[in-house]
Amino acid sequence: MSDSVIAAMETAVAADPQNPALREHLAQLLSQAGRMDEAWTHATAGLGQAPANTTLLGIAATAGEATGRQDEAAGYRTLLNALDPGNATSAPAAPAPTPPPPPPTATPTSDESMPWDNDEDSSSDDEERVRAPMPAAGDVPDSVDELMDMWGDSDAPPEPEVGEMSRERFYLKDVGGMEDIKSRLEVSFLAPMKNPEMRQAFGKSMRGGLLLWGPPGCGKTFIAKAVAGELDANFYHVGLSDVLDMWIGSSEKNITNIFDMARRNAPCVLFLDEVDAIGQKRTQLRGGGAMRGVVNQLLQEMDGASNDNEGVFVLAATNHPWDIDSALLRPGRLDRTLLVLPPDLPARQAILELHLRGRPTEKLDLAKIAKHTNGLTGADLSLVCEQATEYAMTASIETGTVRPITMKDLGKAVKEVRPSHGPWIESAKNFAMFNNEDGRYDDLLAWIKQNKIK
Ligand SMILES: Nc1ncnc2c1ncn2[C@@H]1O[C@H](COP(=O)(O)OP(=O)(O)O)[C@@H](O)[C@H]1O
Ligand SMILES: [Mg+2]
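If you read the sequence shown in my numbering, its first letter stands for residue 1, the second for the next number, and so on.
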């Protein structure tokens, strides 16, 4: 297989990373060329979009076996056998270590026929196949969701000891409004991450991470999840303040475990929530020897000197950027920052829509409600919706018939919910005004000015 064909496919995939058919083609080419490590990467990425694609499962299993990922490969093999009974060599729950590939048969659609292409329509009717009768076995999935659950069992160590691992099908388009943030994310973070060839061509490394900061409840976690979706990566959420206490004493080891977990599940967005907790703890502990260790270990893992961090994207979030250990903000670490402020008008409307989805409502003019909620955070808006729902529910219970949520309910709820970011803005303003020599708080100060906050 000529390298130029592969290179062309790589460019196509980079331009359209969400396209499983392209991934499938590229993974096949790489596997034929014996480039199993890359075949593995693309097959598993493609499975993120098309989890029941038997061609991709076959490549993932074979490439995984060839590259020492025995456990994960066995998981894919199990799924392949479950989905493609013709290919099954043993009960899905206990697959033979390496079932011999079935004899190749030509497929009418592709001239790159592979051993696992033993079915003429392997990629077109995966959904159909999932619903088709399966051999009797407890582990056979009967929906894509169930399939994903099984996947979770076999693809990775199921539950991390610390934090939560998930696979998000959630993208920037699902984040309402915030166009400015989205375009900054795209330019400064997503585009370079999605285009390894370009990075290579320009000699830029993949190192470095992104720090999201701003008042609580304004969408930092939400945006981090969307980034994971965009990168087609696992989302590993670790709340640092929750776990720091249990780290004292064995902190270094635990930081290493967290990063190992992320590496094993690459591509993976490692989301370090509340990174300021480290800085805060350190001052509280006065001189804070224990926390110095945590910071140092974190730096070492992020610098990736002794580790391969390919496909691990570090995102961090904080409400208190001034508490962050400044060593974490240096180049190659959390070196890009993004201020996430209370939602703008379209974002507020989207948030209201999101929270009212699936509830009985009269015809609502949410644009109007959004106009009257300037200054409310995402969390405040969710409270507005809960309140309004409660009014409608109380009325419904009184009469015994469902009374949908009305504009009046929402209006009443808006009056009751107070903006929650006041205290944050207050203290942030102080920090920003007196510590802005390097311009790091310019965005915040501009926003404060624009919104005439005294
Ligand atoms: N732009 C947005 N579009 C839709 N929902 C949003 C948006 N921003 C925030 N939200 C909602 O507000 C909630 C709080 O946001 P979150 O990400 O948890 O805040 P933070 O992490 O900054 O404290 C989210 O769960 C989400 O429901
Ligand atoms: Mg959060």
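Virtual Cβ for every residue (Gly too), placed ideally from N, Cα, C.
Secondary structure of residue i, DSSP reduced to three states
i           : result
residue 255 : helix
residue 416 : helix
residue 135 : For residue 135, the pLDDT reaches just 35, beneath the cut-off of 50, and the residue's location in the model is therefore unreliable, although a value from the coordinates is still provided. In the structure shown, residue 135 sits in coil (DSSP, three-state: anything other than H, G, I, E or B).
residue 377 : coil
residue 48  : helix
residue 422 : helix
residue 310 : coil
residue 320 : coil
residue 229 : helix
residue 104 : Reliability fails at residue 104, whose pLDDT of 41 lies under 50, so the model's placement of it is uncertain and the value that follows must be treated cautiously. The answer is coil: DSSP assigns residue 104 none of H, G, I, E or B.
residue 218 : coil
residue 162 : coil
residue 167 : strand
residue 402 : coil
residue 3   : helix
residue 391 : helix
residue 436 : coil
residue 239 : strand
residue 275 : coil
residue 269 : strand
residue 234 : strand
residue 90  : Caution applies to residue 90, whose pLDDT of 37 falls short of 50 and renders its modelled position unreliable; the model cannot decide the point.
residue 194 : helix
Which listed residue (the options) has its alpha carbon closest to that of residue i
i           : options            : result
residue 216 : 188, 62, 74, 381   : 381
residue 345 : 410, 425, 176      : 176
residue 18  : 433, 343, 229      : 229
residue 34  : 8, 7, 21, 66       : 66
residue 438 : 42, 329, 219       : 329
residue 332 : 302, 354, 225, 5   : 302
residue 390 : 27, 429, 359       : 359
residue 59  : 80, 49, 352        : 80
residue 377 : 399, 341, 55, 50   : 341
residue 36  : 52, 26, 165, 63    : 63
residue 310 : 259, 3, 449, 322   : 259
residue 477 : 163, 272, 375, 399 : A question about residue 477 goes unanswered here, because the residues of the chain that appear run from 1 up to 454.
residue 189 : 313, 271, 447      : 313
residue 420 : 218, 235, 433, 304 : 218
Residue i CB to nearest heavy atom of ligand 2 below 7 Å
i           : result
residue 220 : yes
residue 317 : yes
residue 438 : no
residue 273 : yes
Same chain, Cβ closer than 6 Å to residue i, neighbours up to 5 away in sequence not counted
i           : result
residue 297 : 252, 255
residue 442 : none
residue 413 : 384, 387, 388
residue 110 : Legend: pLDDT at residue 110 = 39, less than 50; position of this residue unreliable, no value from coordinates given.
residue 12  : 22
residue 261 : 160
residue 185 : none
Any non-hydrogen atom of ligand 1 within 7 Å of residue i CB
i           : result
residue 187 : no
residue 379 : yes
residue 238 : no
residue 384 : no
residue 175 : yes
residue 216 : yes
residue 366 : no
residue 487 : Outside the shown range of the chain (1 to 454) lies residue 487, about which nothing can therefore be said.
residue 172 : no
residue 211 : no
residue 331 : no
residue 270 : no
residue 266 : no
residue 347 : yes
residue 343 : yes
residue 340 : yes
residue 261 : no
Beta-carbon proximity list for residue i, same chain, < 8 Å, skipping 5 on both sides
i           : result
residue 475 : One cannot answer for residue 475 here, as it falls past the ends of the chain, which runs 1 to 454.
residue 16  : 22
residue 407 : 362, 364, 365, 368, 369
residue 171 : 226, 229, 230
Other residues of its chain near residue i: CB distance less than 7 Å, five sequence neighbours each side excluded
i           : result
residue 409 : 388, 391, 392
residue 396 : 402, 403
residue 324 : 275, 276, 279, 318
residue 27  : 39, 42, 43, 46, 56, 59
**Prompt:** Which ranges does the beta strand (DSSP E) cover as unbroken runs of at least 3 residues, wholly within the segment 326 to 382, from first to last along the chain?
**Reply:** 336 to 339
**Asked** Taking the runs of the beta strand (DSSP E) that are 3 residues or longer, which of them lie wholly in the segment 14 to 71?
**Response** none
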